[in-house]
Amino acid sequence: MFEARLPQGQILKKLIEAVRELVTDANFECKPSGLSLQAMDSSHVSLVSLLMRADGFDPYQCDRNRTLGINLRTLASVLKCSSNDDIITIRAEDDGDSAILIFESPSSDRLSEFDLKLVDIDNEQLVIPDTQYDAVVRMPSAEFQRIVRDMQILGDSVTIACSKDGVKFSANGEIGSGSVRLKQSSAVDSEDDAVTVDLQQAVSLTFALRYLSLFSKAAPLSPTVTLSFSKDVPLLVEFRIADMGHLRFYLAPKIDE
Amino acid sequence: CSRQTVLKKYFGSK
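Protein chains in written order, with our numbering: chain A, 1 to 257; chain B, 1 to 14.
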């Protein structure tokens, strides 16, 4: 049997809200070490990669590897039936064709149970090579969300340039052009508010704002986001999930024709 | 004009 109980159930709610517009169906790979998911969007331009380690659950039981194919729209609707402070348990019997979701109120006086039919998903898995990135930018996730939203006023794509001074987002379209420049923080009260640029070499790449906007829906998961860039390599956008794992998005860069 | 490329160009299939 597979059973994973997540005391902070709202992490799962935030996760599924963050990916449901990008990916329709996904295989949850359940292993003794934890829960993972990898899925591309329908146009194969971006990739979602989720890891939730077993030690983030309490308890976590996985006797053998299981693949749970789940429609994320359905899962999102079911998760809306839970409260933010509910404890969420995912369970799957060894020979079952469904995943069971259990929502438990903090005082354990309300228990709801939903049985979701599993779906067969033909999922092409990609191998992501270890990459030494030219630049790694860390910033508040709310700031990332705001910049992506602001740049969308101007056009469909954004050019992100990392230098030793900081990071610059710029866009231009029919109505005009604009940019937002963030300097590296010198002194901040909280590390979560800091903007840092870890630079091997200056890099400038262009990406579709539509996808960055979808990625930024993960902002409620984590106060900070990390953007990793290398020339001619997909952008990595990473949100850490408490102490238990991460939600990563990869986006292929736009290439000048 | 720029073109979005697919991830498979960068990442190998399993």
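Virtual Cβ for every residue (Gly too), placed ideally from N, Cα, C.
Query: Chain B contact residues for A:Asp-124, given Cβ-Cβ distances below 9 Å; Result: Asp is not the amino acid found at residue 124 of chain A; the sequence shown has Glu there. Near A:Glu-124 (Cβ distances below 9 Å), the residues of chain B are Lys-8, Ser-13 and Lys-14.
Query: Exposure label - A:Thr-131; buried when at least 16 CB within 10 Å; Result: exposed
Query: For A:Met-1, the first and last residue of its enclosing beta strand (DSSP E); Result: Neither: A:Met-1 is in no beta strand (DSSP E) and is coded neither H nor E.
Query: Coarse secondary structure for A:Tyr-60, derived from DSSP in three states; Result: strand
Query: A:Asn-27, buried or exposed, once every other Cβ within 10 Å from all chains shown has been counted against 16; Result: buried
Query: Short Cβ contact (8 Å threshold) for A:Val-158 with A:Phe-207; Result: yes
Query: Whether A:Leu-72 touches A:Ile-16 by CB criterion (8 Å); Result: yes
Query: Beta-bridge partners of A:Leu-37, as assigned by DSSP; Result: A:Phe-28 and A:Leu-50
Query: Short CB-CB distance (under 8 Å) between A:Val-45 and chain B; Result: yes
Query: Outcome for B:Phe-4 when other beta-carbon atoms lying within 10 angstroms are tallied against a minimum of 16; Result: For the sequence presented, residue 4 of chain B should be read as Gln rather than Phe. Per the 10 Å Cβ criterion, buried.
Query: Every unbroken alpha helix (DSSP H) within the segment 128-158 of chain A, with a cutoff of 4 residues, ordered by chain; Result: 141-151
Query: Neighbouring residues, chain B, relative to A:Ile-128 (Cβ below 8 Å); Result: Phe-11
Query: Contact check, A:Gly-56 vs A:Gly-245, beta carbons under 8 Å; Result: yes
Query: At least 3 beta-carbon pairs within less than 8 Å: the segment 224-232 of chain A vs the segment 138-153 of chain A; Result: yes
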